[in-house]
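*Asks:*
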Amino acid sequence: MSLEAGQDYKFETIQVHGGASPDGATNARATPIYATTSFTFNSSEHGAKLFGLQEFGNIYTRIMNPTTDVFEKRIAALEGGVAAVATSSGQAAQFLAIANLAQRGDNIVSTSYLYGGTYNQFKVALPRFGIQVKFVEGDKAEDFIPHIDEKTKAIYIESVGNPRHNVPDFKAIAKVAHDHGIPLIVDNTFGMGGYLVKPIEHGADIVVASATKWIGGHGTTIGGVIIDAGTFPWNNGKFPVFTEPSPGYHGLKFWDIFGPEGPFKANIAYAIRLRVEQLRDFGTSQNPFGSFLLLQGLETLSLRAERHNKNALELARWLETRDEVSWVSYAGLESHPSHELAVQYLRKGAFGGVLTFGVKGGAANGGKFVESVKLASHLANVGDSRTLVIHPSSTTHQQLTAEEQLSSGVTPDLIRVSVGLEHIEDIKADFAQALALATADNVSSEVQPKAAPSLAASGRSWSKTTKTTTLTTTVLRGDEVVNKSTKTTLVTSYQQYEGNSSL
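Using the numbering used here, read the sequence shown as starting at 21 and increasing by one per residue.
#1: Compare the Cα-Cα distances from residue 180 to each of 331, 393, 279 and 190 and report the closest residue.
#2: I need the straight-line Cα distance from residue 471 to residue 431, nearest angstrom please.
#3: What are the boundary residues of the alpha helix (DSSP H) that residue 326 is part of?
#4: For the candidate residues 91, 268, 110 and 272, whose alpha-carbon lies nearest to that of residue 242?
#5: At which residue ranges does the segment 161 to 241 contain complete beta strand (DSSP E) runs of 3 or more residues, listed in the order of the chain?
#6: With DSSP as the reference, label residue 53 as helix, strand or coil.
#7: Pick from 116, 325 and 438: whose alpha carbon is nearest that of residue 215?
#8: Thinking just about the alpha-carbon of each residue, which of 335, 285, 390 and 295 is nearest to the one in residue 121?
#9: Between which two residues does the alpha helix (DSSP H) holding residue 426 run?
#10: Going along the chain, which residues of its own chain have a beta-carbon closer than 6 Å to the beta-carbon of residue 275, five neighbours each way excluded?
#11: Could you check the C-alpha separation between residue 133 and residue 247 for me, to the nearest Å?
#12: In angstroms, rounded to a whole number, what distance separates the CA positions of residue 112 and residue 62?
#13: Could you check where the alpha helix (DSSP H) with residue 436 kicks off and where it finishes?
#14: Report the CB separation of residue 342 from residue 455 in whole angstroms; it is logged as a contact under 8 Å.
#15: Threshold first: 3 residues or longer. Then list the beta strand (DSSP E) segments lying entirely within the segment 330 to 395, N to C.
#16: Taking the beta strand (DSSP E) that residue 277 falls in, what are its first and last residues?
#17: Tell me where the beta strand (DSSP E) around residue 130 begins and ends.
#18: Please go through the segment 68 to 120 and give each complete beta strand (DSSP E) segment of 3 or more residues, from N-terminal end onward.
#19: Compare the C-alpha of residue 100 against each of 136, 163, 222 and 177 and name the closest.
#20: Going by C-alpha distance, which of 249, 435, 176 and 414 is nearest residue 346?
#21: Give the straight-line distance between the Cα atoms of residue 34 and residue 22, rounded to the nearest whole angstrom.
#22: Within the same chain, show all residues whose beta-carbon is closer than 7 Å to that of residue 476, passing over the 5 residues directly before and after it, in chain order.
#23: For the beta strand (DSSP E) that contains residue 154, what are its first and last residues?
#24: For residue 389 versus residue 458, is the C-beta spacing smaller than 7 Å?
#25: I think residue 168 touches residue 198, with their Cβ atoms under 8 Å apart; what is that distance to the nearest whole Å?
#26: What does DSSP give as the partner residues of residue 292 in its beta bridges?
#27: My output table needs one value for residue 411: the three-state DSSP class, helix, strand or coil.
#28: Under the DSSP definition of a beta bridge, which residues are partnered with residue 398?
#29: Can you name the residues that DSSP bridges to residue 244?
#30: Look at residue 96 and residue 106 and say whether their C-beta atoms are less than 7 Å apart.
#31: Have a look at residue 303 and residue 353 and give me their C-alpha separation to the nearest angstrom.
#32: Per DSSP, what kind of secondary structure is residue 311 in: helix, strand or coil?
#33: So residue 407 and residue 437 are in contact, right, with Cβ under 8 Å, and what is the actual spacing, rounded?
#34: Is it true that the CB of residue 160 sits closer than 7 Å to the CB of residue 403?
#35: Can you check DSSP and say which residues form a bridge with residue 266?
#36: Note the first and the last residue of the continuous alpha helix (DSSP H) segment covering residue 287.
Here is the structure:
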């Protein structure tokens, strides 16, 4: 009726049964929603032991809840960690993950290939707390080394870059981190809850994710999660928050009690401090109903992920054949710079559910495309069951400067697609009609004169091309020709040389 300890269960089995067993009081098979703020104590002594961290148990839903506990145990098992802590959002997860090990005056070293919200949190919010972030241009292991100093507490990367789709060399970067006595933190949001990749298997010490995306999978729940690999030696002299007396718990030393030599015989010091100090003090907890919805998502994760990956690869290959498309970026394409690393680290035959591409004519025609889709939705999210499109330069990465956008992989013409579960022929038909409408007038996307200096300053050059083209557009639905048109136009475009920053 529940998973047996020590048994090597497959991913598909863990996603259904992990952390759960029939309810002891009612024999309910599905995990109940424990919609309560707090829990009674068996005695005064029992309550004192819970508050003193001498015994595990429920006190208050801000810190833990039985419904959330099942979700945490299940996602920890899927990612290969020893413990997990659920949060109210992915942004909360990454903030707490860093706040749990760094203090004022410390720093972390992060790739610049980041989701816009992460980049802004690292650039603006963390420094307000006295924690600096040093950005590395790229994700090559050797590039992190010059930025590490005695105050560096972690290296931070994404498993699959958003929106660049770069796949880092996990093992090489983990070695750099461990050689310097610091942990590797990996945002595995695009890793689909461990289905696409398990960073812990490749040296990551802490994994964070937005559970809003493929874990929930239906666009109904905001959530985040932090997974502790249980492998890092927090007693190496660099992390006093784990080895020195905690003023919040009468001098308790987290490593002594919750390290591998403590009474619980497991390296859970990071996860326990995360729960009893960070969640307690910042309050960014997941609610029981949210945890219930995330559990529903996990039960079908592998089935959905398989379709997401299959559709994304087929759509990427199809877009490469379209005359209206100037470029396509997807790690599953052999043309992608990270293709070999993707083959090495990601699940066999799977490359993720998100791709990006550029519409000929630049940002103006890209805007027309996102306004012309009918089946796909124009909104800011990924990992939904529905196909989603967005123009990151004007939305998710809008707060970044032009140079910062290019550094993170966002070009003015970039369209991000989160490929859904619909039939691939219907997705292609929708994109075909939207591309036809977007390029019907062949409006060129002129680079504004004021933008040229910033692009030049970032080390990227652009060349102007003017040519006459004849475009024949055929819109298909299945084998049926829905619309066919031919148009001859004069097209002016700007093309980057010395590398394409969209890849």
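We treat Cβ as the ideally placed atom computed from N, Cα and C, and that holds for glycine.
*Replies:* Put simply:
#1: In the sequence shown, the residue the question calls residue 180 occupies position 160. Ranking 331, 393, 279 and 190 by CA distance to the CA of residue 180 puts 190 first.
#2: Reading the sequence shown from its first residue, position 451 is the one you call residue 471. Reading the sequence shown from its first residue, position 411 is the one you call residue 431. The predicted position of residue 471 is uncertain, since its pLDDT is 32 and thus under 50; no value can be drawn from it.
#3: By one-based count along the sequence shown, residue 326 stands at place 306. From DSSP, the alpha helix (DSSP H) with residue 326 extends over 321 to 340.
#4: Within the sequence shown, the letter at position 222 stands for residue 242. Ranked by how close their Cα comes to the Cα of residue 242, the residues 91, 268, 110 and 272 have 110 in first place.
#5: Within the segment 161 to 241, the complete beta strand (DSSP E) segments of 3 residues or longer fall at 172 to 178, 204 to 207 and 226 to 230, listed in chain order.
#6: Counting from 1 along the sequence shown, the entry for residue 53 is found at position 33. In this structure, residue 53 counts as coil in the three-state DSSP scheme.
#7: Here the question's residue 215 lines up with position 195 in the sequence shown. The candidate whose alpha carbon is nearest that of residue 215 is 325.
#8: In the sequence shown, counting from the first residue as 1, residue 121 sits at position 101. Comparing Cα positions, the closest option is 295.
#9: To locate residue 426, count along the sequence shown from 1; it is residue 406. For residue 426, the enclosing alpha helix (DSSP H) covers residues 422 to 428.
#10: Here residue 275 refers to the residue found at position 255 of the sequence shown. Close CB contacts of residue 275 within its chain, under the 6 Å cut and outside five residues either way in sequence, are with 254, 255, 262, 263 and 289 (chain order).
#11: Indexing the sequence shown from 1 puts residue 133 at position 113. Indexing the sequence shown from 1 puts residue 247 at position 227. C-alpha of residue 133 to C-alpha of residue 247: approximately 21 Å in a straight line.
#12: Working through the sequence shown from its first residue, we reach residue 112 at position 92. Working through the sequence shown from its first residue, we reach residue 62 at position 42. Distance between the alpha carbons of residue 112 and residue 62: 33 Å.
#13: Position 416 of the sequence shown, counted from the start, is the residue given in the question as residue 436. It is not in any alpha helix (DSSP H) - residue 436 instead sits in the beta strand (DSSP E) that spans 434 to 438.
#14: To locate residue 342, count along the sequence shown from 1; it is residue 322. To locate residue 455, count along the sequence shown from 1; it is residue 435. With a Cβ gap of about 6 Å, residue 342 and residue 455 count as contacting.
#15: Within the segment 330 to 395, the complete beta strand (DSSP E) runs of at least 3 residues are 345 to 349 and 374 to 379.
#16: Locating residue 277 in the sequence shown gives position 257, counting from the first residue. Counting along the chain, no beta strand (DSSP E) covers residue 277; the unbroken alpha helix (DSSP H) around it starts and ends at 274 to 278.
#17: By 1-based counting over the sequence shown, the position of residue 130 is 110. For residue 130, the enclosing beta strand (DSSP E) covers residues 127 to 131.
#18: Taken in chain order, the whole beta strand (DSSP E) runs of length 3 or more contained in the segment 68 to 120 are 103 to 107.
#19: Against the sequence shown, residue 100 aligns to sequence position 80. Of 136, 163, 222 and 177, the smallest CA-CA separation from residue 100 is found for 222.
#20: Your numbering for residue 346 matches position 326 in the sequence shown. Per the C-alpha coordinates, the member of 249, 435, 176 and 414 positioned closest to residue 346 is 435.
#21: In the sequence shown, the residue the question calls residue 34 occupies position 14. In the sequence shown, the residue the question calls residue 22 occupies position 2. Distance between the alpha carbons of residue 34 and residue 22 is about 10 Å.
#22: Position 456 of the sequence shown, counted from the first residue, corresponds to residue 476. Low local confidence applies: a pLDDT of 32 at residue 476 is under 50, so the model's placement there is unreliable, with the coordinate-based value given in what follows. Within the same chain, no residue comes within 7 Å of residue 476 by CB-CB distance, once the 5 residues on both sides are set aside.
#23: For the purposes of this step, residue 154 is identified with residue 134 of the sequence shown, where counting begins at 1. For residue 154, the enclosing beta strand (DSSP E) starts and ends at 152 to 156.
#24: What you label residue 389 is simply residue 369 of the sequence shown in a count that begins at 1. What you label residue 458 is simply residue 438 of the sequence shown in a count that begins at 1. For residue 389 and residue 458, yes; Cβs fall inside 7 Å.
#25: As a working note, residue 168 is residue 148 in the sequence shown. As a working note, residue 198 is residue 178 in the sequence shown. Actually they are not in contact, since the Cβ atoms of residue 168 and residue 198 sit about 12 Å apart, beyond 8 Å.
#26: The count along the sequence shown starts at 1 and reaches residue 292 at position 272. Looking at the DSSP assignment, residue 292 forms no beta bridge with any residue, so it has no partner.
#27: Indexing the sequence shown from 1 puts residue 411 at position 391. DSSP places residue 411 in the coil class of the three-state scheme, outside both helix and strand.
#28: Translated into the one-based positions of the sequence shown, residue 398 becomes position 378. Beta-bridge pairing links residue 398 to 409.
#29: Translated into the one-based positions of the sequence shown, residue 244 becomes position 224. For residue 244, which the question treats as bridged, DSSP gives the partners 107 and 230.
#30: Taking the sequence shown and counting its residues from 1, the one referred to as residue 96 is at position 76. Taking the sequence shown and counting its residues from 1, the one referred to as residue 106 is at position 86. Going by C-beta atoms, residue 96 is not nearer than 7 Å to residue 106.
#31: Indexing the sequence shown from 1 puts residue 303 at position 283. Indexing the sequence shown from 1 puts residue 353 at position 333. Taking the straight line from one Cα to the other gives about 42 Å.
#32: As a first step, residue 311 is located in the sequence shown; it is residue number 291 there, counting from the start. Taken through DSSP and simplified to helix, strand or coil, residue 311 comes out as helix.
#33: On the sequence shown, position 387 is the one that residue 407 refers to. On the sequence shown, position 417 is the one that residue 437 refers to. Between residue 437 and residue 407 the Cβ distance is about 7 Å, and since that is below 8 Å, they are a contact.
#34: Taking the sequence shown and counting its residues from 1, the one referred to as residue 403 is at position 383. Taking the sequence shown and counting its residues from 1, the one referred to as residue 160 is at position 140. No.
#35: Position 246 of the sequence shown, counted from the start, is the residue given in the question as residue 266. Partner residues in the beta bridge of residue 266, as assigned by DSSP, are 272.
#36: As a working mapping, residue 287 is identified with position 267 in the sequence shown. Counted as a single uninterrupted DSSP element, the stretch harbouring residue 287 is not any alpha helix (DSSP H), since DSSP gives it neither H nor E.
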